[in-house]
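Visitor: In my numbering, the protein residues as written are -10 to 321.
Where is the CB? At the ideal position from N, CA and C, for every residue including glycine.
Let me give you the structure first, and then I'll get to my questions.
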Amino acid sequence: MLFRSIVMTPAESITFLKHFGYSEREAKFLYLVATHSGVFLQSQYQALGVSRTSCHKLARKALHNKDVREHLPERGQTRVYELYGQSIYGALGKEKLSPCKPGPDLIAKAAVKLLTLDFVLTHLEGHYLEKETEKVSYFVEEQQINKETLPSRLFRGGVGGESCRYFSERFPIFLSSGSDGRLINFAYIEDETLSLGAFSSFVRRYRPLFCALGGNFRLIFVSRSTRSFYFARQLFVKKLSAVKNGAQTRHLARFFWLRKMAEEKRFKELADQDVIDWQRGVKRYGDAHHEDQYQNWKQTGNLPEPEPAEDGPVVPDPVGQFATFLSLPSFE
-10 MLFRSIVMTP AESITFLKHF GYSEREAKFL YLVATHSGVF LQSQYQALGV SRTSCHKLAR
50 KALHNKDVRE HLPERGQTRV YELYGQSIYG ALGKEKLSPC KPGPDLIAKA AVKLLTLDFV
110 LTHLEGHYLE KETEKVSYFV EEQQINKETL PSRLFRGGVG GESCRYFSER FPIFLSSGSD
170 GRLINFAYIE DETLSLGAFS SFVRRYRPLF CALGGNFRLI FVSRSTRSFY FARQLFVKKL
230 SAVKNGAQTR HLARFFWLRK MAEEKRFKEL ADQDVIDWQR GVKRYGDAHH EDQYQNWKQT
290 GNLPEPEPAE DGPVVPDPVG QFATFLSLPS FE
C-alpha cells in the first residue's frame, strides 16, 4: 500500500488506518498513540470503553501486523507496546516518535509518554495542535505572534549542521471553549524524577509566549503525584507575576532590622533564632546592591520597591492560568 503524502484530518487518518485491518475504535486509538506517545498499554485502550478481551485482540493484531513491538519489563507483568517502524507513522504522514530503550525500569523511563497518553484520553474533546508545523502556524498566523517568541531549541547534527525545533518537548497543546472564546491549553507532563528544576526551565522557555497570549491560555501541570502541585503553582506564579513574591521583601525587612540591632549590640533583645537569621542574612545580603539598600533604609526607613519577577511583559493573572491534573496510572 502506498503511503499518502498529503495532510489528512484526524477523521481521514482514522479511516485510512482501517485499511490496515483495524476497526474504527482500534484505528482511533492507534492514531492517538502515533500522535502523542508512541507507546501504550492494553489497559489504556480500555479508556475508550472496550473490554479486556478487545484489548488483547488489538495487541495480538498489531503484533501480527508488525505495527508494534512488545517490551516485557524485568519486574511485574505490565507489557509496553511500542509503535515500531514506519508502517503507521508513514501512513499518517507523521514523524516517528523516539523509541523506548529496553532494560531495567522500562515503565519508569516510558512514564512521560504513558502519562501523556493518559492525559489525552481524558481530554478527547479538545482540538489538538499535533505537528510542530501546525503549532507554529497557529501561533504565528492566527494569533499574530512573532515566531521568535515561540519556545525553540537548537539541535546540532552529526556533520556540524544545526536545526531549530519549536515545541521540542512535544507536550500536548489543544484548544477548548473558554468564557471568552477559544482557550489555548498547554500540558506539562512531570517525569519520574519529580524535578521542579525541569518545570522551571520549561516555564522560562515558554514565558514569552505565555505573556504574548495574555489571559487566553491555561497551563495544566500533569503528574501521577500531588507532591509537586503546590510548589509548581508557586513557581509558575512567581515567574509570570508583575512582582516577586512579597515574602522576599519581608525577609529583607527582617534582616535590616536584625542587622541594625546587631550593630547596636542589642543581642540581649534577640532570641536565638533571631541571631541565626541575622548570621544567615549577612551571607545572603552581603553584596554592594543590598548594602546600598540597607544604608538607604537606615536613613529613610523605606524598603526597596518590589522588583519585576522577570524582564519584559507579564501575565495579568497567572494564578488563574494554572491548573493541575492528577493521573492515576494503571502501570505502577
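Here's the rule: buried if 16 or more other CB atoms are within 10 angstroms of the residue's CB, otherwise exposed. What is residue 291?
Guide: What you label residue 291 is simply residue 302 of the sequence shown in a count that begins at 1. So residue 291 ends up on the exposed side.
Visitor: Return the CA-CA distance between residue 257 and residue 239, expressed in angstroms with no decimal places.
Guide: To locate residue 257, count along the sequence shown from 1; it is residue 268. To locate residue 239, count along the sequence shown from 1; it is residue 250. If you take the alpha carbons of residue 257 and residue 239, they lie about 23 angstroms apart.
Visitor: Determine the DSSP secondary structure at residue 309, reduced to helix, strand or coil.
Guide: Within the sequence shown, numbered from 1, the residue matching residue 309 stands at position 320. Helix at residue 309.
Visitor: Output yes or no for whether 9 angstroms exceeds the beta carbon distance between residue 101 and residue 13.
Guide: For the purposes of this step, residue 101 is identified with residue 112 of the sequence shown, where counting begins at 1. For the purposes of this step, residue 13 is identified with residue 24 of the sequence shown, where counting begins at 1. Not in contact: residue 101 and residue 13 (Cβ atoms no closer than 9 angstroms).
Visitor: Out of 109, 46, 217, which one is the CA nearest neighbour of residue 161?
Guide: Locating residue 161 in the sequence shown gives position 172, counting from the first residue. It is 109.
Visitor: Where do the ends of the beta strand (DSSP E) carrying residue 209 lie?
Guide: Position 220 of the sequence shown, counting from 1, holds the residue named residue 209. Here the beta strand (DSSP E) through residue 209 covers 206 to 212.
Visitor: State the beta-bridge partners of residue 162 as determined by DSSP.
Guide: Position 173 of the sequence shown, counted from the first residue, corresponds to residue 162. Its beta-bridge partners are 175.
Visitor: The alpha helix (DSSP H) that contains residue 129, what's its start and end?
Guide: Sequence index remark: in the sequence shown, residue 129 carries index 140 (1-based). No alpha helix (DSSP H) contains residue 129, which DSSP labels as neither H nor E.
Visitor: What residue range is occupied by the uninterrupted alpha helix (DSSP H) comprising residue 15?
Guide: Taking the first residue of the sequence shown as position 1, residue 15 is located at position 26. Looking at the DSSP string, the run of the alpha helix (DSSP H) that includes residue 15 is 13 to 25.
Visitor: On a CA-only basis, which of 288, 248, 309 is nearest residue 172? Give me that one, please.
Guide: What you label residue 172 is simply residue 183 of the sequence shown in a count that begins at 1. Minimum Cα distance to residue 172 is reached at 309.
Visitor: What whole-angstrom Cβ distance do residue 104 and residue 20 have, given they're in contact under 8 angstroms?
Guide: In the sequence shown, the residue the question calls residue 104 occupies position 115. In the sequence shown, the residue the question calls residue 20 occupies position 31. That belief does not hold up - the Cβ atoms of residue 104 and residue 20 are roughly 19 angstroms apart, past 8 angstroms.
Visitor: Please tell me whether residue 9 and residue 37 are closer than 9 angstroms, where the distance is taken between their beta carbons.
Guide: Residue numbering aside, residue 9 sits at position 20 when the sequence shown is read from its first letter. Residue numbering aside, residue 37 sits at position 48 when the sequence shown is read from its first letter. No; because the gap between Cβ atoms is not below 9 angstroms, this pair is not in contact.
Visitor: I want to know whether the segment 203 to 223 touches the segment 310 to 317 - three or more CB-CB distances under 8 angstroms.
Guide: Short answer: they touch.
Visitor: Relative to the C-alpha of residue 28, which residue among 5, 4, 56, 50 is closest?
Guide: The count along the sequence shown starts at 1 and reaches residue 28 at position 39. Ranking the options by Cα distance to residue 28, first place goes to 56.
Visitor: Can you give me the start and stop residues for the beta strand (DSSP E) that residue 144 sits inside?
Guide: Here residue 144 refers to the residue found at position 155 of the sequence shown. Taken as a continuous stretch (DSSP letters only), the beta strand (DSSP E) holding residue 144 covers 141 to 145.
Visitor: So for residue 34, helix, strand or coil by DSSP?
Guide: Here residue 34 refers to the residue found at position 45 of the sequence shown. Helix.
Visitor: Short check: CB of residue 275 to CB of residue 243, under 9 angstroms?
Guide: Position 286 of the sequence shown, counting from 1, holds the residue named residue 275. Position 254 of the sequence shown, counting from 1, holds the residue named residue 243. Not closer than 9 angstroms, so no.
Visitor: According to DSSP, is residue 69 helix, strand or coil?
Guide: Translated into positions along the sequence shown, residue 69 becomes position 80. Of the three classes helix, strand and coil, the one that applies to residue 69 here is strand, per DSSP.
Visitor: Measuring only the C-alpha atoms, how far is residue 5 from residue 30?
Guide: Taking the first residue of the sequence shown as position 1, residue 5 is located at position 16. Taking the first residue of the sequence shown as position 1, residue 30 is located at position 41. Each residue's Cα considered, the two are about 23 angstroms apart.
Visitor: Thinking C-alpha only, which one of 206, 191, 135 is nearest residue 163?
Guide: Here residue 163 is taken as the residue at index 174 of the sequence shown, counted from 1. The residue with the shortest Cα to Cα distance from residue 163 is 206.
Visitor: Please report the residue range of the alpha helix (DSSP H) in which residue 271 lies.
Guide: Here residue 271 corresponds to residue number 282 of the sequence shown, with the count starting at 1. Taken as a continuous stretch (DSSP letters only), the alpha helix (DSSP H) holding residue 271 covers 261 to 273.
Visitor: Within 10 angstroms of its Cβ, does residue 24 collect 16 or more other Cβ (buried), or is it exposed?
Guide: The residue labelled residue 24 in the question sits at position 35 within the sequence shown. Classification for residue 24: buried.
Visitor: Count Cβ pairs between the segment 184 to 197 and the segment 115 to 127 that sit closer than 8 angstroms; are there 3 or more?
Guide: The segment 184 to 197, when compared against the segment 115 to 127, does not touch it at the 8 angstroms Cβ threshold.
Visitor: Does the separation of the CB atoms of residue 209 and residue 177 fall below 9 angstroms?
Guide: Within the sequence shown, the letter at position 220 stands for residue 209. Within the sequence shown, the letter at position 188 stands for residue 177. In this structure, residue 177 lies closer than 9 angstroms to residue 209 by Cβ.
Visitor: Which whole-angstrom value describes the C-beta separation of residue 140 and residue 229, a residue pair presumed to lie in contact below a C-beta threshold of 8 angstroms?
Guide: Numbered from 1 along the sequence shown, position 151 holds the residue referred to as residue 140. Numbered from 1 along the sequence shown, position 240 holds the residue referred to as residue 229. That belief does not hold up - the Cβ atoms of residue 140 and residue 229 are roughly 14 angstroms apart, past 8 angstroms.
Visitor: Less than 9 angstroms between the beta carbons of residue 175 and residue 157, yes or no?
Guide: Numbered from its first residue, the sequence shown carries residue 175 at position 186. Numbered from its first residue, the sequence shown carries residue 157 at position 168. No.
Visitor: For residue 265, is the classification buried or exposed, using 16 other Cβ atoms within 10 angstroms of its Cβ as the cut-off for buried?
Guide: Here residue 265 refers to the residue found at position 276 of the sequence shown. Burial call: exposed.
Visitor: State the DSSP-derived secondary structure class of residue 152, mapped to helix, strand or coil.
Guide: On the sequence shown, residue 152 is found 163 positions in, with the first residue counted as 1. Looking at residue 152 - three-state DSSP - the assignment turns out to be strand.
Visitor: Within 10 angstroms of its Cβ, does residue 99 collect 16 or more other Cβ (buried), or is it exposed?
Guide: One-based indexing of the sequence shown puts residue 99 at position 110. Label assigned to residue 99: buried.
Visitor: Mind reading off the beta-carbon distance from residue 35 to residue 107? Whole number of angstroms is fine, and I expect it under 8 angstroms.
Guide: Taking the sequence shown and counting its residues from 1, one reaches residue 35 at position 46. Taking the sequence shown and counting its residues from 1, one reaches residue 107 at position 118. Actually they are not in contact, since the Cβ atoms of residue 35 and residue 107 sit about 12 angstroms apart, beyond 8 angstroms.
Visitor: With distances taken Cα to Cα, identify the nearest neighbour of residue 58 among 41, 155, 77.
Guide: Residue mapping note: residue 58 aligns to position 69 of the sequence shown, counting from 1. Minimum Cα distance to residue 58 is reached at 77.
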